[in-house]
Amino acid sequence: MNNDVRARREERGLSQAGLAEEVGVTRQTINSIERGRYDPSLELAFRLAGFFECRIEELFDPDLDES
């Protein structure tokens with residue numbers, strides 16, 4: 001799943017660890033999301049969107065063409 005987590009995090013001047021602390025996960029989780037290796041749970045997607053003050057659809061873009 002494509003996402004804008006890294007760009008939005010960097011716009012706010014946050015480290016991965018800083019964002020992780022804000023949303024209650026580990027730095028490794030944020031790293032995995034940013035690299036597209038882990039799709040967040042719906043709950044975490046809502047927490048991230050809430051933190052960035054945007055809609056989930058603005059933050060995450062599922063690549064529906066992937067098999």
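Quick note, the sequence shown lines up with residues 1 to 67 if you use UniProt numbering.
Just so it is clear, CB atoms sit at the ideal spot from N, CA and C, and this is done for glycine as well.
Here the structure is a predicted model, which is why all the values come from computation and not from measurement.
According to DSSP, residue i sits in a beta bridge with which residue or residues?
i   : result
D63 : DSSP lists no partner for D63.
N2  : D61
Alpha carbon to alpha carbon, how far is residue j from residue i? Give it in angstroms, no decimals.
i   : j   : result
L44 : V23 : 8 Å
S32 : E58 : 19 Å
D4  : S41 : 16 Å
Y38 : C54 : 20 Å
L19 : I30 : 8 Å
F46 : Q16 : 18 Å
Which term fits residue i, buried or exposed, when burial requires 16 or more other beta carbons within 10 angstroms of its beta carbon?
i   : result
N2  : exposed
P62 : exposed
Do residue j and residue i have their beta-carbon atoms positioned less than 8 Å apart in this structure?
i  : j   : result
R6 : F52 : no
Considering only C-alpha positions, which residue in the set the options is nearest to residue i?
i   : options       : result
E10 : Q28, G50, E34 : E34
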